[in-house]
Amino acid sequence: MRLPFLPVCLFLLLFLLSPDARAQGSFTVSGYVRVSGSNEALIGATVSVPELRIGATSDERGFYTLQLPDGSHTLQVTYIGYEPTTRPILVDGQNHTVNLLVAPASSKLREVIVEANSLRQKLNNNLMSVETLTTQEAKLLPAIFGEVDLIKTLQLKPGVQSGGEGSSGLYVRGGGPDQNLVLLDDAVVYNASHLFGFFSVFNPDAVESVELYKGGFPAQFGGRLSSVVDVKLNNGNNERIRASGGLGLIASRLTVDGPLIKDKASFIVSGRRTYFDIFTRQINRIQEGKEDFSPIPDYYFYDLNGKVNYKLGEKDELFLSGYFGRDFFGFNDEDFQFRFDWGNKVGALRWQHRFNPRFQVNTTFTGSSYQYNINNKIDVFSFNLSSDIRDLGLKTDFNLVLDKGHTLAFGAMATRHAFTIGRLNFDSDDNRLAFKAGSDYDATEAAVYVSDDFQINSRFSLNYGLRLSAFGSGGKTYTALEPRASGKYNLTVNTALKGSYASMMQYIHLVANSGASLPTDIWYPSNDYVKPQRSQQVAAGISHLFADGRYMVTNELYYKWMHRQIDFRDGANLFVNDKLEEEFLFGKGESYGNEVYLEKIKGRTTGWIGYTLSWTYRQFDGINEGRRFPTRYDRRHDLSVVLLHKLSKRIHLTGAFVYSSGNAYSLPVARFAFQDVEGKNATVVPVYNDRNSFRLDAFHRLDLGLVLKLNSKFGESDLMFNAYNTYNRRNPYFVYFEQVKDKESDETLGFRAKQVSLFPVIPSVTYNFKF
Amino acid sequence: MKIKHTLYTLIPLLLLLLACDMEQEVEINLPPHQSQLVVECYLEPGKPLRAVVLESVSYFSNPQLPIVPDAEVFLTHKGRTVKLAFSPFQDRVSGKYFTHRNNKPLDLKAGDVVTIEVKDKKDRRVTGSTTILKRVPIEAVEWKFNEKGKAYLLTSFQDDPDAENYYRYMTHRDSLSRGTSRDFVSSDQLTNGKRISYGSAYDFEKGDTLIVSLYHIEKDYYNFLNSISDAKNANGNPFAQPSRIVSSVQGGIGIFTNLAYERKTVIIQ
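Chains as they are written, first to last, in UniProt numbering: chain A, 1 to 771; chain B, 1 to 269.
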């Protein structure tokens with residue numbers, strides 16, 4: 001492998017460059033941001049010195065670090081639901097430790113005071129194409145069945161498309177749902193959805209915040225082409241045991257957190273479960289024995305999240321996080337038993353060590369698995385199909401604050417993957433019908449990276465880095481160098497220009513032929529035949545603060561090239577096939593567009609408007625006769641308007657309106673009569689031509705919500721009323737063609753097109769409590 | 001308890017909403033379609049030669065059968081070409097319609113190659129070939145009753161380990177004209193060289209007459225039947241990818257193959 005000469009030279013040159021005089025006399029100011037009263041660490045709080053346009057975000061421990069010049073300054077802390085806090089400090093030629101306490105906002109409805117990650121901090125961030133979401137934000141927005149979903153809230157951000165009505169799949173800047181690296185406390189989550197993609201696996205009560213990187217990826221991230229979804233779990237309360245939860249239309253949840261050892265260890269445990277099955281079983285029991293009644297299949301899902309953090313000393317802390325979730329779908333009658341279950345198991349143990357306030361290391365051991373099982377028994381025949389992926393990983397990440405405006409991040413990771421693909425057992429009671437299929441693969445993925453966050457002067461800063469990744473499976477090894485860079489130039493105090501470049505590799509691939517996220521989608525390693533996917537993305541943008549910093553408008557242009565994209569030949573057998581690699585097709589893709597984002601995060605009315613104009617295509621020799629075609633989720637226009645209004649101390653109104661161009665869709669253009677051999681009836685066969693050459697009608701929907709805080713003796717509680725699809729729009733889910741037949745003679749009279757919609761208006765109410 | 005009652009009240013409301021008619025007829029403007037010849041021709045040793053030549057039509061066009069009167073069909077076997085005359089008729093036994101026929105069978109042996117050529121006055125030309133396959137004997141048709149008096153059927157045969165084989169299996173109850181109770185295609189990818197058994201559910205009762213057919217089919221026919229099935233399933237399944245028809249002929253749509261099958265009739269006792 002040859003190292004790209006130019007990026008390497010650029011990296012070294014920039015690192016050796018001397019910054020201007022202002023940065024040379026800087027000293028470290030660091031400390032913890034905690035909540036007064038509970039002493040709970042605040043993750044993601046913004047600590048800044050506004051007059052210097054310098055800021056930092058507190059990490060998982062609530063720890064922050066700033067580089068400040070000599071002199072008197074004012075530190076400012078902002079965070080959702082907490083009073084903005086300021087603290088004067090004198091930097092007098094030495095490093096300082098300053099711990100900051102912030103108080104919860106006085107209003108009962110404190111969650112709606114959206115101040116985290118202030119717009120100025122966002123403006124001055126070197127990185128671009130990053131969306132941050134806190135649970136408090138997501139919890140206020142109206143949601144289908146009242147089930148708050150962080151991933152679906154991310155779909156309201158520009159550049160992010162949903163897979164379809166109700167789907168929790170993410171399609172980021174033209175990437176597929178398999179091209180998102182979903183991390184839960186640094187461990188990979190392979191299938192982040194419940195109920196065939198309608199809900200994400202993240203319980204909002206257990207999650208602190210989510211960051212979505214759409215481009216300009218920092219060098220520590222790799223392994224997927226299109227996005228990084230970095231989910232951080234709550235650390236738990238340090239002062240007292242608390243409980244919170246909610247009763248919803250389809251699910252309930254309960255969270256307990258508190259100290260294990262005062263000021264040393266805390267925990268959080270959170271669980272939720274749906275209860276469709278309780279009602280459907282009742283209906284089945286009542287209807288049992290009735291003629292023409294088909295029992296309703298059983299379905300439920302549950303998930304459990306837990307996290308413990310333990311302070312070993314002043315410089316060391318351990319974090320143990322875990323997730324376990326499962327979906328069950330089953331159907332039973334006398335002769336037919338069907339059971340389908342799937343889910344993720346995720347664990348992460350992280351050791352954080354601070355050598356000094358300027359140098360720290362995080363070492364994380366992770367384990368992750370995703371598995372599905374289908375068990376089917378028909379009379380004497382049994383059928384079992386399962387697939388899984390199992391990971392064990394170790395990574396270490398160093399962060400070193402240097403003089404001269406440099407902050408270095410460097411580290412290494414290694415993951416051992418084990419794949420079981422299409423494990424089939426077919427048998428009969430007398431063993432006369434028995435056969436097996438399936439394949440097992442192992443793979444090792446590793447990477448080292450280094451990056452430098454370089455404040456060149458008060459206007460110009462850069463974040464640039466290199467990632468060297470490697471992957472081996474079946475005797476074949478791939479290596480690649482992935483250069484990354486993003487920069488910011490402040491035209492004025494309120495206006496910043498930003499640009500970024502990122503090269504990404506993806507070594508494992510999702511075997512899915514549906515275009516939707518299904519539990520039966522399986523992961524497959526790169527090998528001799530299947531080469532890794534690669535993407536390159538450039539983006540340029542401008543951000544402008546106005547109206548005293550209450551509003552920020554951002555415009556970003558991007559272009560993404562995707563190489564060695566994967567699809568499957570028509571009629572591919574993806575389930576029971578020991579030669580799966582023969583079903584792959586390889587091609588290329590591109591996506592480009594413009595995203596406009598207007599946001600307001602202070603005042604009684606907050607929210608955002610996001611608009612994306614984009615194009616996304618794929619091209620494969622074996623599909624569409626080699627011609628380029630739009631992907632299903634290629635939507636020319638995509639608009640989201642999200643508003644939160646504080647009507648009074650007890651009542652908040654929320655609304656979300658979405659509009660998007662119709663999905664690209666394939667429909668048959670012609671038909672022919674197929675007579676077949678003796679013993680078969682003639683049928684009509686559809687003829688498909690160009691892939692995705694039709695457009696469904698545009699999708700639009702208005703969701704409204706009302707949050708009513710209740711007076712409660714035991715703590716806090718509220719009722720959330722939601723109306724999903726308020727004006728009952730029949731949005732297209734899919735279209736099909738059918739024969740129109742004479743009921744008496746069964747003669748075909750003609751053909752017509754039918755459009756199927758999924759959800760009408762859905763009202764819901766959720767009761768939330770906390771004590 | 002109040003919350004519980006509220007939830008129980010809301011559930012029927014929710015089910016009512018979900019029961020709303022979520023389908024509606026829509027108008028779709030299809031692009032102009034250039035018709036292609038559609039050919040179906042199955043050869044059987046010792047049987048008269050039959051073919052159906054139709055054409056594909058735009059999806060919403062008139063449902064009448066689009067026959068092509070000027071189409072000519074030629075079969076070539078061992079250097080001799082025979083023409084199938086345009087003479088539409090319905091076979092009284094099978095109920096099948098044919099557009100072209102020649103009542104003189106070809107002397108077909110396993111391994112023989114036969115080619116087809118279909119052309120019409122619009123200069124459309126379809127060609128294809130088939131290699132005559134050996135029949136695969138059905139070794140056993142067995143059944144087994146459960147305690148409720150229902151029986152399942154087991155059909156067994158031996159797969160040839162030296163060849164890549166494809167099969168089509170059908171069962172009919174009482175008569176071939178009443179539609180199949182079971183019909184699928186399979187390859188020997190997972191069962192090469194083994195004794196293969198195809199089963200059924202407990203679908204049958206004492207006295208049932210069952211017709212079991214085991215076709216030994218060409219790979220092209222296997223692919224064609226799968227693509228037909230995929231294309232039908234894609235219409236109405238939002239998760240399916242659209243599938244093009246994988247024809248065994250060139251220049252049009254369709255299948256030209258031979259039928260090498262064993263058929264047994266059993267009465268469940």
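In this text, a Cβ means the ideal position worked out from N, Cα and C, and glycines have one as well. Fair warning: this is a prediction, and the values are worked out from it, not measured in the lab.
C-beta neighbour in chain A for residue i, strict 8 Å
i, result
"B:Asn235", "yes"
"B:Pro238", "yes"
"B:Ile67", "no"
"B:Ile253", "yes"
"B:Pro242", "yes"
"B:Pro63", "yes"
"B:Phe60", "yes"
"B:Gly199", "yes"
Backbone secondary structure at residue i - three-state DSSP
i, result
"A:Gly197", "helix"
"A:Leu109", "Reliability of the predicted coordinates at A:Leu109 is poor, the pLDDT of 37 falling under 50, and no value is obtained from them."
"A:Ala434", "coil"
"A:Asn191", "coil"
"B:Ser227", "helix"
"A:Asp257", "strand"
"A:Phe771", "coil"
"A:Leu17", "At A:Leu17, the pLDDT of 42 sits below 50, so the modelled position is not reliable; the number obtained from the coordinates is stated separately. Here A:Leu17 sits in coil by DSSP."
"B:Ile267", "strand"
"A:Gln282", "helix"
"A:Asn356", "strand"
"A:Ala103", "coil"
"A:Glu137", "helix"
"A:Ile43", "coil"
"A:Ile241", "coil"
Beta-carbon spacing of residue i, residue j below 8 Å
i, j, result
"A:Arg618", "A:Gln537", "no"
"A:Leu424", "A:Leu481", "no"
"A:Val642", "A:Gly607", "yes"
"A:Asn305", "A:Ser270", "yes"
"A:Thr132", "A:Glu211", "yes"
"A:Val658", "A:Leu156", "yes"
"A:Gln371", "A:Asp388", "yes"
"A:Glu595", "A:Trp561", "no"
"B:Gly179", "B:Pro105", "no"
Cβ-Cβ separation, residue j to residue i (assumed contact under 8 Å), whole Å
i, j, result
"A:Thr78", "A:Ala103", "Rounded, the Cβ-Cβ distance is 13 Å, inconsistent with contact."
"residue 772 of chain A", "A:Arg120", "There is simply no residue 772 of chain A to check, as chain A begins at 1 and stops at 771 in what is shown."
"B:Phe204", "B:Leu153", "6 Å"
"A:Phe759", "A:Tyr724", "7 Å"
"A:Ala206", "A:Thr134", "That pair is no contact at about 13 Å."
Cβ neighbours of residue i in the same chain (closer than 6 Å, five flanking residues each side left out)
i, result
"A:Ala470", "Ala446, Thr479"
"A:Val553", "His544, Leu598"
"A:Val756", "Tyr733, Phe734"
"A:Tyr32", "Gly62, Phe63, Asn99"
"A:Leu462", "Phe454, Gly487"
Chain B within 8 Å of residue i, Cβ atoms only
i, result
"A:Ala23", "Any reading at A:Ala23 is ruled out, since the residue's pLDDT is 42, under 50, leaving its predicted position unreliable."
"A:Ile566", "no"
"A:Gln675", "yes"
"A:Glu678", "yes"
"A:Gly571", "yes"
"residue 781 of chain A", "This structure cannot settle anything about residue 781 of chain A, because the visible part of chain A is limited to 1 through 771."
"A:Gln755", "yes"
"A:Arg730", "yes"
Residues near residue i by beta carbon distance below 7 Å, same chain, minus five either side
i, result
"A:Arg273", "Ala251, Ser252, Tyr300, Tyr302"
"A:Phe714", "Phe771"
"A:Asp277", "Asp298, Tyr299, Tyr300"
"A:Leu613", "Gly593, Asn594, Arg636, His637"
The ligand PLP heavy atom lying under 7 Å from the CB of residue i
i, result
"A:Arg173", "In the structure on display, the ligand PLP does not appear, and there are no ligands present to speak of."
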